[in-house]
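Here's the structure, in structure tokens; my notes come after.
Protein chains: 2
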Amino acid sequence: MATTTAAQKRAQAKAEYDAFLAQCPSRKLLDRIADKWVTLIVTALGGWRPDTGPGEPGPLRYSELSRLLAGVSQKMLTQTLRNLERDGLVTRTVEPTVPVTVTYELTELGLSLREMMGGIKSWAQNNMDEVLANRDKYDTRVA
Amino acid sequence: MATTTAAQKRAQAKAEYDAFLAQCPSRKLLDRIADKWVTLIVTALGGWRPDTGPGEPGPLRYSELSRLLAGVSQKMLTQTLRNLERDGLVTRTVEPTVPVTVTYELTELGLSLREMMGGIKSWAQNNMDEVLANRDKYDTRVA
DNA sequence: CAGGATCCCGCTAGATACTG
DNA sequence: CAGTATCTAGCGGGATCCTG
Numbered sequence: 131m132a133t134t135t136a137a138q139k140r141a142q143a144k145a146e147y148d149a150f151l152a153q154c155p156s157r158k159l160l161d162r163i164a165d166k167w168v169t170l171i172v173t174a175l176g177g178w179r180p181d182t183g184p185g186e187p188g189p190l191r192y193s194e195l196s197r198l199l200a201g202v203s204q205k206m207l208t209q210t211l212r213n214l215e216r217d218g219l220v221t222r223t224v225e226p227t228v229p230v231t232v233t234y235e236l237t238e239l240g241l242s243l244r245e246m247m248g249g250i251k252s253w254a255q256n257n258m259d260e261v262l263a264n265r266d267k268y269d270t271r272v273a
Numbered sequence: 131m132a133t134t135t136a137a138q139k140r141a142q143a144k145a146e147y148d149a150f151l152a153q154c155p156s157r158k159l160l161d162r163i164a165d166k167w168v169t170l171i172v173t174a175l176g177g178w179r180p181d182t183g184p185g186e187p188g189p190l191r192y193s194e195l196s197r198l199l200a201g202v203s204q205k206m207l208t209q210t211l212r213n214l215e216r217d218g219l220v221t222r223t224v225e226p227t228v229p230v231t232v233t234y235e236l237t238e239l240g241l242s243l244r245e246m247m248g249g250i251k252s253w254a255q256n257n258m259d260e261v262l263a264n265r266d267k268y269d270t271r272v273a
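Protein chains in written order, with the numbering used here: chain L, 131 to 273; chain Y, 131 to 273.
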């Protein structure tokens, strides 16, 4: 057994995770985080506000998130928050007031995604015009 | 009319696009790019290879992409590539050989997404262990 | 080789109603 | 306030067959 340990370690370190592989669990994780609602929730908890750039990360209440992510259904908001909590990207804190107050906040792990998520949201906004123009060109070329 | 031009310009510049708003087209664009297959295609064309870090961006053939993104169906691969082409993120080049050779390559716009997409893929791989551990903790806590 | 065209299943988003 | 529960329509996405 001891003879295989070193080889196993090297094999494991070499293999690691690779999202290019279908069976790799990181492919599923990628699918989880590469998501519209995840992006918006992380950027919101990360301090981004409408038309302002990055700000200070801080906790938000459920209702605040609901208002911020205009048009999100309770189901999707709750579901996405639960997944993020389970994966350890956000914490959920219940204050026993009447009625209860629930706040969500990014963990360290969640914070490590903040920049990328914010970057993607900003990218979509900043390049919207160009993409729209490209689509026009493409459509007329095909039509 | 001339009197409103300045005000309109300021209003437009101020409003811009905001993916937090449901009706904003950038919300849809966000939904497009925050996608598993988009992430993998952009990173592949961006030069990432299994277990290597970022490399040199370069063109790839359809079959090369298909092999690289293990398990992707032709439908999703073709569909995603078409959308990316329409949005101006990739170019599609047909060489009239027999049989035809089709290559895809990132445009400048697509290249501007390369770092973020690669970052997300790497994040999923590098934090897989921690996420898995967090899920275990969460599940035993709930159970 | 690089798709196009179909069929079809499963999940999942979203709407609605209810609750501690 | 912050959810849970339920239902359903729609479509994402895979499988299969076909083609220039």
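For every residue, glycine included, the Cβ atom is placed at its ideal position computed from N, Cα and C. Computed from a prediction, not measured in an experiment: that's the story for all the values here.
Just tell me which of the options has its CA closest to the CA of residue i.
{"i": "residue 244(Y)", "options": "210(Y), 230(Y), 171(Y)", "result": "171(Y)"}
{"i": "residue 183(L)", "options": "259(L), 273(L), 251(L)", "result": "251(L)"}
{"i": "residue 168(Y)", "options": "220(Y), 154(Y), 238(Y), 231(Y)", "result": "220(Y)"}
{"i": "residue 214(Y)", "options": "235(Y), 266(Y), 229(Y)", "result": "235(Y)"}
{"i": "residue 217(Y)", "options": "181(L), 267(L), 228(L), 147(L)", "result": "267(L)"}
{"i": "residue 212(L)", "options": "226(L), 228(L), 232(L), 147(L)", "result": "232(L)"}
{"i": "residue 240(Y)", "options": "187(Y), 153(Y), 146(Y)", "result": "187(Y)"}
{"i": "residue 150(L)", "options": "164(Y), 152(Y), 173(Y)", "result": "173(Y)"}
For the beta strand (DSSP E) holding residue i, just list the boundary residues, first then last.
{"i": "residue 234(L)", "result": "231-236"}
Using DSSP bridges, identify the partner residues of residue i.
{"i": "residue 222(L)", "result": "234(L)"}
From what residue to what residue does the alpha helix (DSSP H) around residue i run?
{"i": "residue 227(Y)", "result": "From DSSP, residue 227(Y) is part of no alpha helix (DSSP H); its letter is neither H nor E."}
{"i": "residue 198(L)", "result": "192-198"}
{"i": "residue 164(Y)", "result": "Unbroken run through residue 164(Y): none, as it is neither H nor E."}
{"i": "residue 216(Y)", "result": "204-216"}
Return helix, strand or coil for residue i, following the three-state DSSP convention.
{"i": "residue 266(Y)", "result": "helix"}
{"i": "residue 187(L)", "result": "coil"}
{"i": "residue 131(Y)", "result": "Low confidence applies to residue 131(Y): its pLDDT is 48, below 50, so where it sits in the model is not reliable enough to give any reading."}
{"i": "residue 155(L)", "result": "helix"}
{"i": "residue 181(L)", "result": "coil"}
{"i": "residue 256(L)", "result": "helix"}
{"i": "residue 174(Y)", "result": "helix"}
{"i": "residue 245(L)", "result": "helix"}
{"i": "residue 283(L)", "result": "Outside the shown range of chain L, which is 131 to 273, sits residue 283(L), and nothing can be said about it."}
Query raised in the report: Hey, is the segment 194-203 of chain L in contact with the segment 186-202 of chain Y, meaning 3+ C-beta pairs nearer than 8 Å?
Result: Short answer: they don't touch.
Report task. Please confirm if the segment 253-266 of chain L is in contact with the segment 155-163 of chain Y, defined as three or more CB-CB distances below 8 Å between the two stretches. Result -> With the cut-off at 8 Å, the segment 253-266 of chain L and the segment 155-163 of chain Y touch.
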